[in-house]
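S.K.: I have a structure here, written as structure tokens, and I will follow up with some questions on it.
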Amino acid sequence: KAGVTQTPRYLIKTRGQQVTLSCSPISGHRSVSWYQQTPGQGLQFLFEYFSETQRNKGNFPGRFSGRQFSNSRSEMNVSTLELGDSALYLCASSVGLSNEKLFFGSGTQLSVL
Amino acid sequence: AQTVTQSQPEMSVQEAETVTLSCTYDTSESDYYLFWYKQPPSRQMILVIRQEAYKQQNATENRFSVNFQKAAKSFSLKISDSQLGDAAMYFCAYRTTMNYGGSQGNLIFGKGTKLSVKP
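Protein chains in written order, with our numbering: chain A, 87 to 199; chain B, 49 to 167.
Below you can see the structure in the form of structure tokens.
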């Protein structure tokens, strides 16, 4: 069974641009969560989606948004990029919502210049 | 709000020896999950071990075991017979068991401990 797939693996953008990151969960998994990892702030929760509905949201500005499709694939979007958005963005999937184990992808490394 | 603290930014161990990574947390909840995740250079977060707070028995997974002290809010990871492949960042994480608004709850991570294994 394939693991959690995140694309692209690396991305370079300039300030002010917008970016979309993609996450394909493990087959059969319906819950997808996103985390931001930076050297200064560590790992911080962004969003959680289940059945195309956002179930939980972290403390990030409205420039960060996401969505989930009917096939459970998820995308997150960051508009008006700032230098501080440079980070590793990790996606994790689980079967459902009952305190399931999370399986992480290898992340998308975003650099904002 | 819950917090997770890892007081050791870096640790080093000799191959085949034992090392213990520390983690403390703060919560007012009585039931929750605690995790140790490993992040090698590949960047993928890999679950090492999971502990449910209502279970008294410490979790073990092969060479990995935890010392869970609920009253002290301490959750340390012991790695026995350390191997070169154990070198990685290790993150302690907390998650509530409460289902708020249809959410399974997000992970709250510590800052991590970088483990080096010397041959």
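Beta carbons are placed, not taken as given, at the ideal position from N, Cα and C, and that holds for glycine. Quick caveat: nothing in here was measured; it's all calculated off a predicted structure.
1) Near A/Y96, what residues of its chain come up, given a Cβ to Cβ distance below 6 Å and the 5 sequence neighbours on each side ignored?
2) Can you tell me the Cβ-Cβ gap for B/Q87 and B/C71, rounded? I've got them flagged as a contact below 8 Å.
3) State yes or no: is the beta carbon of B/R91 nearer than 8 Å to at least one beta carbon in chain A?
4) Can you tell me which of A/F131, A/R153, A/Q127 and A/V105 puts its alpha carbon nearest to the alpha carbon of A/S138?
5) Using CA atoms only, rank isn't needed, just tell me which of A/L188, A/L199, A/S197 and A/V198 is closest to B/W84.
6) Please identify the residue among B/I97, B/I127 and B/D134 whose C-alpha is closest to the C-alpha of B/R111.
7) What's the gap between the Cα of A/L167 and the Cα of B/Q104?
8) I'd like to know if A/L107 contacts chain B, where contact means its C-beta is closer than 8 Å to some C-beta of that chain.
9) Between B/K103 and chain A, is the shortest Cβ-Cβ distance under 8 Å, so that the two count as touching?
M.R.: Answer, in terms of the structure:
1) Q195
2) At roughly 15 Å, the Cβ-Cβ gap does not stay under 8 Å, so B/Q87 and B/C71 are not in contact.
3) yes
4) For clarity, residue 138 of chain A is Glu in the given sequence; the question names Ser instead. The shortest Cα separation from A/E138 among A/F131, A/R153, A/Q127 and A/V105 belongs to A/R153.
5) A/L188
6) B/I127
7) 47 Å
8) no
9) no
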